[in-house]
Amino acid sequence: MSQRLTSRCLPTALVCLMGTLLFQAPVGAAQRDHSASERFPSAAAKHVEVDVGSLDVRLRTADLTQIEADVRLHIGGTGEEKAERWIENHTPSFTDSEDHLHITVEPAKTGFLGFGSLSASARLFLLTPGDIVPDITTTSGSILVHGDFPNARPLHLRSSTGDVDLTGAARSLDFRSSAGDARIEVIRPLESITARTASGDVSLTGGAQRARVDTASGRIWLENLSGDVEVSTSTAKITLSWDRLEPDAMVRVRSSSGRVQLIVPDGVRPRGSLTTTTGSVRSEFPGEVTEGGTTLRLAGDGPVFDVETASGEIQLTVGEAWD
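The opening position of the sequence shown corresponds to residue 5 in my numbering, with each subsequent residue numbered one higher.
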């Protein structure tokens, strides 16, 4: 006895059919892996410039006399032609000279891989002597750096949406990002750090003699500072702490609604002003409240604090940071 598909059953049947078509792996789904190794001569202060799009970059220093580069690519769950094209368009090219090594990937041309794409990973591993000068740029790829780079002034790290992690040291650091976070841990204070990001967080431990950080909504956390600071953010929290702060230092902070905490060493006598429109000011240092209670003018003769926030809390203390 034959059965007819009623109008009530038709939507359900269509949904099931569409789901099967959308999530079924494509016919002839392929997996492709590509590995390649390159070796290049090194020299003191040789620039290693990396611009590799969506590839993750892993850089580590070692007791070597050459630069070692390893590429590892994987794509699975898409069509064979698309997999081959993806590998081709994610394979870096290398251009080497006596004082520069350029590692680049052309802008991706693969487009949409299609339903059924299960996995994709692309990484560049670099093992180098410590006397090189790295300059690393990605789009969505993350950047992970371990090592001491005494010739880097500055060490350039840039990513649009990828996170950046640095553990080690350099003369100075320049970080740029749209949405990626920066986590920086140095074994000796930087001469300077400059960081600009739209929504990414910036975290520094280990110190800097000078710091300038601008972010729209990212959190700013800088520890072990020893000099001038200029930071600004819109809605996120700012925490700054110093190991040393000389009387001629300048601290400038701008925030819209984020909390601002400033932690200085014992013995510092800050001067300047702490101003908020609708927020609150708490200070462990003497001063005079002026302008209708919105500004605290500090009475010390030490470093200058110029701090303004619209609705956030300002706290100036000696002691430990907030959790």
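Heads up, the beta-carbon is just placed ideally off N, CA and C, and yes, glycines get one too.
Fair warning: this is a prediction, and the values are worked out from it, not measured in the lab.
Query, Result
"CB contact flag (glutamate 227, proline 307, <8 Å)", "no"
"Distance between aspartate 60 and isoleucine 91 (C-alpha atoms, nearest Å)", "15 Å"
"Top-ranked residue by Cα proximity to aspartate 55, from Asp152, Ser260, Ala174, His160", "His160"
"With 16 other Cβ atoms within 10 Å as the buried cut-off, status of glutamate 288", "exposed"
"Spatial distance of serine 181 from serine 207 (CA atoms)", "13 Å"
"Simplified DSSP assignment, three categories, for glycine 291", "strand"
"Minimum C-alpha distance to valine 52 - residue among Ala73, Leu105, Val217", "Leu105"
"C-alpha gap between alanine 220 and valine 257, whole angstroms", "13 Å"
"Candidates Glu88, Asp103, Val217, of which the one nearest serine 46 by Cα", "Asp103"
"Identified DSSP bridge partners for glycine 151", "Gly172"
"Whether proline 133 touches glycine 57 by CB criterion (8 Å)", "no"
"For alanine 202 and aspartate 37, the rounded distance between their alpha carbons", "35 Å"
"Element boundaries [beta strand (DSSP E), containing threonine 53]", "Contrary to the premise, residue 53 reads as glutamate rather than threonine in this sequence. From DSSP, the beta strand (DSSP E) with glutamate 53 extends over 51 to 55."
"Terminal residues of the beta strand (DSSP E) in which alanine 126 lies", "123 to 132"
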